[in-house]
Every structure is written in structure tokens, then in C-alpha cells.
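J.: Input: one structure, supplied below.
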Amino acid sequence: MEYNLALEVPFNLQYTLESGQVFRWERSGDWWVGDVTHGAVKVMQEGEWLRCVASSERVGSSFVRNYFRLDDDLDAVLSTLMKDERMTVAAQRFYGMRLVRQDQWECLASFLLATNANIPRIKKMVSALCSRFGEPFEFEGAVHHSFPSPEALASRSVNEFEECGLGYRAAFIKRVAAAVRDLKIDLLEIASLPYKEAHELLLSELRGEKVLLGVGPKVADCFLLYSCGKDEAFPIDVWIGKAVAGWYPRLFPPRLRRKLLGEGGSKMSGGDYETASEAMRSRFGKYAGYAQQYIYAAARAQPG
DNA sequence: TAGCAGGAAAATC
DNA sequence: GATTTTCCTGCT
7 MEYNLALEVP FNLQYTLESG QVFRWERSGD WWVGDVTHGA VKVMQEGEWL RCVASSERVG
67 SSFVRNYFRL DDDLDAVLST LMKDERMTVA AQRFYGMRLV RQDQWECLAS FLLATNANIP
127 RIKKMVSALC SRFGEPFEFE GAVHHSFPSP EALASRSVNE FEECGLGYRA AFIKRVAAAV
187 RDLKIDLLEI ASLPYKEAHE LLLSELRGEK VLLGVGPKVA DCFLLYSCGK DEAFPIDVWI
247 GKAVAGWYPR LFPPRLRRKL LGEGGSKMSG GDYETASEAM RSRFGKYAGY AQQYIYAAAR
307 AQPG
């Protein structure tokens with residue numbers, strides 16, 4: 007199934023797919039091939055148009071429009087963020103980059119795997135999980151796989167996940183899959199809550215035990231931002247921490263600033279994370295998550 | 001609450 | 001080829 011989608015809004019496919027939000031897109035010449043919720047889709051940007059080839063009608067233009075959040079008024083968002091020179095430069099340099107709206111379970115599971123790993127490794131782990139436990143389907147002569155459901159993963163052994171190269175993450179993924187399957191945490195309900203309540207609930211405990219073992223504040227924020235549309239979420243990873251401490255030294259107490267910069271060996275505590283994230287939220291407001299995405303892109307393009 | 005373990009691949013030297 | 005770093009969280 008082929009279709010062309012008239013953009014009529016600022017959008018940059020490459021910036022968006024290379025912004026570290028997604029792990030199941032591969033470049034193939036001018037095309038990008040992505041495995042998404044209900045199939046696979048091949049996309050190429052030609053100026054104001056997106057050329058698309060989809061594995062089924064479920065990955066049609068309304069899906070793509072929703073996935074790339076083309077209804078967001080990007081100019082309006084960016085105009086609220088361009089409060090300083092560096093942010094303005096980043097917004098212009100990566101103009102057209104958008105937050106995506108990906109599948110909730112895939113997003114949570116993917117970022118659960120992202121601890122102590124770099125992007126190529128995360129992709130490798132996600133890909134291993136999909137090819138072993140996902141449902142196979144054919145697209146343009148190649149075998150693709152769906153992202154395995156919570157049920158499918160919860161029924162597997164920790165050992166099988168270790169064989170996928172997950173290491174210590176193997177136990178986390180099994181437990182979190184079971185918790186989601188059993189609705190210990192209802193992802194749809196999370197999405198319906200205001201940011202702060204949703205963030206808190208994701209980190210909550212039941213009888214003194216984390217419901218989502220392995221999900222800390224950073225993973226929770228990635229999940230909320232990339233799959234729930236909670237645009238206030240401001241995930242802080244190593245790159246972002248260093249960037250914001252350098253860009254906005256005044257926003258943080260000196261101790262916290264040093265931790266963000268990774269100086270002196272002392273690590274951030276959970277409280278430090280919330281303080282730093284909240285500081286960015288109070289600077290950039292309800293689109294802080296978009297600011298984070300542009301800072302991330304700028305920081306990775308120009309380390310230091 | 002601070003410090004450390006975890007785990008393997010990529011990036012860097 | 002060895003060492004350092006890597007989109008962090010849990011445990012003590």
C-alpha cells in the first residue's frame with residue numbers, strides 16, 4: 007500500500023528519527039524503514055511531501071500523521087522555547103524535528119533496556135527481543151517482527167532474555183512485562199493522568215516493592231514524553247545533564263551542577279534528578295520536553 | 001544518603 | 001588491543 011502525504015507543516019524526518027526517541031527505524035538510502043505498532047512502513051521525505059509504503063492499511067496516513075505528531079503546531083511550540091541564544095540556535099539548526107507518539111509498551115520496554123547502554127546496543131537488544139518473541143510478518147520480501155506483547159514476554163524465562171544479550175536487564179523486563187500484563191500499572195490510565203501524577207505512579211511501590219522494577223525517574227520521563235504526549239516531561243540523561251549544566255549554570259545549585267557535569271565522581275540521587283528536571287520545566291513550561299529534544303540534538307552534534 | 005555493582009558492546013585512546 | 005564510556009537503577 008502506497009500513499010503520499012502532504013505535510014503543510016514544518017517537519018524533518020531525518021532529525022526526528024535520529025533524535026534517540028526510537029530504536030526500530032533503519033535508513034536505506036533515501037528511505038527509512040520502521041517497524042511500528044501494527045506493521046511496517048517505509049518513508050521518504052521529498053520537501054513538502056512524505057512518500058510512504060505501508061505493510062497494511064493499519065499503517066496508513068492517519069497512523070503516520072499521529073505517529074509523527076504532525077498536528078502539533080511546531081512553530082508555536084518553538085516560539086515559547088526560544089528564550090535564549092543557545093536554544094534559538096538549536097531550534098533553527100534542527101528545525102522540523104518533532105516528538106513522536108510511539109506505542110506505549112514498546113516505549114516503556116525499550117527505555118527499560120537503555121540503562122548503561124548506547125544507542126547501537128539498545129537497538130541490538132530490542133531487535134533480538136522482537137525477532138525471538140515477536141510475531142513475524144512479511145513486508146517487501148523481508149521478514150519483520152512485531153514488538154512482543156507484555157503477555158508474550160512475561161511468559162518467557164529470564165535465561166531466554168539473557169541469551170538476547172540483555173544482561174542484568176533480563177530480570178527487569180520479565181517483571182515489568184508481568185506487571186503490565188496484570189494491570190498492576192495500567193498504561194492507558196497513566197496516559198490519562200496529569201504529568202506529575204503519572205510520573206509518581208510509575209515509580210510507586212506496592213508493599214514496599216517497586217511495581218516497575220528497573221524503571222527510575224529517567225525511564226519514566228522517556229516513556230511519558232515519547233508515548234503518552236506528556237510534553238512537560240524533561241528526561242535527563244548523561245548528555246542532557248552535561249548540556250543543561252553548561253547552558254544554564256544559574257538554574258542549579260552548585261553541588262547539583264557539578265553532579266550534572268559528572269565532576270568529582272559523585273552521582274545524582276533520585277531527588278537530584280527531580281530537582282534538575284523541575285528546574286528545566288519551570289524554565290520552559292509545558293513544552294519542556296520539546297526543549298529537551300532540541301538540546302539533546304545540539305549536544306550530540308556538538309559535544310561540550 | 002552515599003557509594004557501589006551490574007553487564008556487554010561501542011567509542012576512544 | 002586495552003581502556004573508557006555508555007540516553008541508570010537497585011541495593012546495602
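The working numbering numbers the first residue of the first sequence as 7 and each following residue consecutively. For every residue, glycine included, the Cβ atom is placed at its ideal position computed from N, Cα and C. Just so we're clear, the structure is a prediction, and the values are computed from it rather than from any experiment.
On the criterion of 16 or more Cβ atoms from any shown chain inside 10 Å, does residue 194 qualify as buried, or is it exposed?
T.: exposed
J.: If we count the other Cβ atoms within 10 Å of its Cβ and call it buried at 16 or more, is residue 179 buried or exposed?
T.: buried
J.: Return the chain-ordered ranges of every beta strand (DSSP E) run that is complete within the region 38 to 62 and spans a minimum of 3 residues.
T.: 45 to 52, 55 to 60
J.: CA-CA distance, residue 109 and residue 77?
T.: Rounded to the nearest angstrom, the gap between the Cα atoms of residue 109 and residue 77 is 18 Å.
J.: For the structure I just gave you, are there three or more beta carbon pairs, one from the region 145 to 156 and one from the region 37 to 57, closer than 8 Å?
T.: yes
J.: What does residue 216 pair with, by DSSP beta-bridge criteria?
T.: Note: residue 216 sits in a beta bridge opposite 211.
J.: Are residue 200 and residue 183 closer than 9 Å when you measure CB to CB?
T.: no
J.: For the pair the region 119 to 136 and the region 24 to 39, tell me if three or more CB-CB distances fall below 8 Å.
T.: yes
J.: Among 269, 258, 282, 214, which residue has its Cα nearest to the Cα of residue 242?
T.: 282
J.: Would you mind sorting residue 273 into buried or exposed? The rule is 16 or more other CB atoms within 10 Å of its CB.
T.: Exposed, because fewer than 16 other Cβ atoms sit within 10 Å of the Cβ of residue 273.
J.: According to the Cβ coordinates, are residue 191 and residue 218 closer than 9 Å?
T.: yes
J.: Would you tell me roughly how many angstroms separate the C-alpha atoms of residue 72 and residue 235, rounded to the nearest one?
T.: When rounded, the distance between both Cα atoms is 11 Å.
J.: Could you tell me the alpha carbon to alpha carbon distance between residue 303 and residue 250, rounded to whole angstroms?
T.: 12 Å
J.: Measuring only the C-alpha atoms, how far is residue 255 from residue 106?
T.: Using only the alpha carbons, I get a separation of about 29 Å.
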